[in-house]
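Residue numbers (this note's numbering): 9 to 903.
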């Protein structure tokens, strides 16, 4: 590791290149006050560079504050609910509907097994279809052989049905290149897209949480579309500041955001996903940030998913969701289109969400060539709730109460990805992708100020508020605004080589990846008062204070090689190596707490080589033991390393003397060290013939050095980043699944021990010096998880399924010494049913949390300033309540 000599870019040059962030009065049309206001004073707001979106602030009413009406009656702050209801710009829905039906009219060239007599050629054979390849014609000819009268199947169909099923696992982020699972060491978990069409969820993270071993959801922000997903104690989180250790790929494109490494789950179109693969361990092939694993997603195409589907469902919490997909192919060409429009009012206060996603893909396929161009767009408005003090939950409002607000978040993504593969010879295949993406993420957060002298409009009458020396009301809160505009591009190129040497198989992939991104972060705040509904409201006379204007540039380069050598059919050796290079250039300015503007210019460079090695061994096959009831018994062992360089948002927020505000933190040195993870994993897997049962048992241990943690200072969102020494995540996984006649089922159990391994002194919201001893548990991670599900086909047209999850107790975030009471464990049962009316129409209904379990999905220790002294507050757990019982129903049309 070393510092780059490349000079930091001056802010003026960056702004000249297109960056702009300044404070100026909004145009009168944007500063209009709410109905009922008597004043039309111009509002102050933040104008961002093109592409950013932010709701303007209205002007004051007759009392100097905006007006609004809610269930609490008339009170200041029309802005609060207006912003929560504001929707982002609409997609061109009419044009998309027209495109959907235009594609539908094209159909797909899917030949029937028995072509009608009048469609055959002169010889009685089925006619060739335009654009058919030689391989297509050979396969069709084989499938149209004379049928066996007793089975109705051709010889080829009968032979194919008797072949053993081989599960292929991708060994790099790119689709289309993989190996049989039996060759690879590790407990891989694989799911197909048809599975989540039989188990309704709001989002992909919910499916992971309900089905995958060692996965738990930590929904600290309270929005169902943006939870933290933890796998083996490592997070893929939408919350900047969370130590992220999982890489997420969609068709070879890294979905971790370049500025803070967080994952915005609302960008991922669940309906368009063909397969999902959880890669275990610190696999170096998946690049920086793969400390504990990777999630690899591959999308559908017109050839794999021909036909059309439209689905709509509605139900509790004001939910309405419309989804559609259409795929088809003709000759060498194929196409696929899917979309999702969801609105949800939510079951907690100010918890509405609006999600819009569109995915389109067009492909060209020949025998040796495969090319696909795809587009992904998302335009979402999500309200972030955060945890609520335990003493504010229950009572008249139940668990729907929030602490402070409003907290709307706007997410916008535009991405284009080109994938191609070319078979050069029987042994060599060249593949790659190139992408371009723009991600704009903006937030408005109503927070408590660190210096809380009074509660305006809450505990004190408005005519009795404390004033400062200038006669202005003393603010008790702050209203934070910020935007992260990110533009990224990259490419990956790799060569696959499959070769046999005297009966010994060898499979190798060599490749290179390059990812470039530029980001622009700007933020500021209004000093604010607290309204009677815990919402921040602006105070006349306190202008918007711009805090940060930070441009960053990042470059990531990786060279990698993986090879699996099979000297026998029952023994496979796998090795991998990756050389990682990361460079970051940071510019811009920020304002210290003293009010002084300082330069944030910095340049950092990191380099690390990370290896992996392992093997699989099939003992029964090795010793010639043939047991018809125990198939594919395999022992595996693997060692792997990966690293994560500090992200720009962490490097510039590493000074404890200048605490800063999330969702991203900024300012200053010292330099952070890169994070290194080392994983050992071993176990067994196999199949049992009776009941068609697949099972796996895995033991793992991951040591983490120099993990980067965000430490909160005080009861606001302020804090700083620092390295925290050694950690260890170790555990056990048992997975089992099978089917018997009309019944399919799965179950898994996992044990996780995630602990600190270095003596530390950390901070939290209530103390600046919390001693940490080796062996103290890490927060919000249950030691035990149990998941199970069954699906039963009651009638040919009627299916019922249910799934169950149990999570043991967890330590509160910030309770580094493990001295406070833990979050209690909980169990949840969900039920779904589907009834097929005919081949085109299916109706369905599902319910979550059937027994209406009251539980907390996440928690932290902090101070409730509303129940304590103005300068302190009551130390109490803050909880994110889990969703209550809910029911939904819908209809699915397929044609």
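A virtual CB, placed ideally from N, CA and C, is assigned to each residue, including glycine. All figures in this text were calculated on a predicted structure; none of them were measured in a lab.
Delimiting residues of the alpha helix (DSSP H) encompassing residue i
{"i": "residue 218", "result": "212-219"}
{"i": "residue 628", "result": "627-630"}
Sequence-distant residues of the same chain with beta carbon closer than 8 Å to residue i, five excluded per side
{"i": "residue 642", "result": "190, 624, 625, 626, 692, 693 and 694"}
{"i": "residue 514", "result": "505, 506, 507, 508, 571, 572, 573 and 574"}
Contacts around residue i, its chain only, beta-carbon distance under 6 Å, and the 5 residues preceding and following it disregarded
{"i": "residue 890", "result": "863 and 865"}
{"i": "residue 911", "result": "A query on residue 911 cannot be resolved here, the shown segment of the chain reaching from 9 to 903 and no further."}
{"i": "residue 359", "result": "391 and 393"}
{"i": "residue 442", "result": "426 and 499"}
{"i": "residue 124", "result": "In this prediction, residue 124 scores a pLDDT of 35, lower than 50, which makes its location untrustworthy; no coordinate-derived value is stated."}
{"i": "residue 704", "result": "195, 693 and 743"}
{"i": "residue 916", "result": "As displayed, the chain neither begins before 9 nor continues past 903, which places residue 916 out of reach and without an answer."}
{"i": "residue 819", "result": "785, 787, 826 and 830"}
Closer than 8 Å: residue i CB and nearest the ligand NAP heavy atom
{"i": "residue 860", "result": "As for the ligand NAP, it is missing from this structure, which has no ligand bound."}
Cβ-Cβ separation, residue j to residue i (assumed contact under 8 Å), whole Å
{"i": "residue 319", "j": "residue 282", "result": "Contact flag wrong, Cβ pair sits at about 17 Å."}
{"i": "residue 211", "j": "residue 232", "result": "6 Å"}
{"i": "residue 690", "j": "residue 645", "result": "4 Å"}
{"i": "residue 883", "j": "residue 774", "result": "5 Å"}
{"i": "residue 272", "j": "residue 246", "result": "5 Å"}
{"i": "residue 584", "j": "residue 292", "result": "6 Å"}
{"i": "residue 715", "j": "residue 740", "result": "In fact, because the Cβ distance is near 22 Å, the residues do not count as touching under 8 Å."}
Unbroken beta strand (DSSP E) run spanning residue i, endpoints
{"i": "residue 742", "result": "734-748"}
{"i": "residue 802", "result": "792-803"}
{"i": "residue 605", "result": "605-607"}
{"i": "residue 5", "result": "There is simply no residue 5 to check, as the chain begins at 9 and stops at 903 in what is shown."}
{"i": "residue 276", "result": "Note, residue 276: premise wrong, no beta strand (DSSP E); not H, not E."}
{"i": "residue 486", "result": "485-509"}
{"i": "residue 368", "result": "361-373"}
{"i": "residue 346", "result": "341-352"}
{"i": "residue 334", "result": "327-338"}
{"i": "residue 852", "result": "849-856"}
{"i": "residue 321", "result": "315-323"}
{"i": "residue 225", "result": "223-226"}
{"i": "residue 255", "result": "254-258"}
Per-residue DSSP class, three states only, for residue i
{"i": "residue 893", "result": "coil"}
{"i": "residue 875", "result": "helix"}
{"i": "residue 655", "result": "coil"}
{"i": "residue 449", "result": "strand"}
{"i": "residue 869", "result": "strand"}
{"i": "residue 516", "result": "strand"}
{"i": "residue 525", "result": "strand"}
{"i": "residue 392", "result": "coil"}
{"i": "residue 190", "result": "helix"}
{"i": "residue 773", "result": "coil"}
{"i": "residue 5", "result": "Here the chain comprises residues numbered 9 to 903, so residue 5 is not present and cannot be evaluated."}
{"i": "residue 405", "result": "helix"}
{"i": "residue 410", "result": "coil"}
{"i": "residue 904", "result": "Residue 904 is absent from the model: the chain starts at 9 and stops at 903."}
{"i": "residue 530", "result": "strand"}
{"i": "residue 86", "result": "Only weak support is given to the placement of residue 86: the predicted model assigns it a pLDDT of 29, under 50, and the question is left unresolved by the model."}
{"i": "residue 671", "result": "Model confidence at residue 671 stands at a pLDDT of 45, short of 50, so the residue's coordinates are unreliable; what they give is reported in the following sentence. Looking at residue 671 - three-state DSSP - the assignment turns out to be coil, as it is neither helix nor strand."}
{"i": "residue 416", "result": "strand"}
{"i": "residue 183", "result": "coil"}
Per DSSP, cross-strand counterpart(s) of residue i
{"i": "residue 768", "result": "780"}
{"i": "residue 4", "result": "Limits of the chain in this structure are 9 at one end and 903 at the other, which puts residue 4 out of reach."}
{"i": "residue 687", "result": "648 and 710"}
{"i": "residue 885", "result": "869"}
{"i": "residue 263", "result": "Partner(s): none; residue 263 has no beta bridge."}
{"i": "residue 639", "result": "695"}
{"i": "residue 244", "result": "237"}
{"i": "residue 563", "result": "524 and 591"}
{"i": "residue 811", "result": "797 and 838"}
7 Å CB neighbourhood of residue i in its chain, flanking five on each side removed
{"i": "residue 325", "result": "352, 353, 354, 355 and 894"}
{"i": "residue 697", "result": "636, 637 and 639"}
{"i": "residue 346", "result": "277, 279, 280, 332, 333 and 367"}
{"i": "residue 496", "result": "266, 445, 523, 524 and 525"}
{"i": "residue 802", "result": "808"}
{"i": "residue 868", "result": "395, 820, 821, 822 and 886"}
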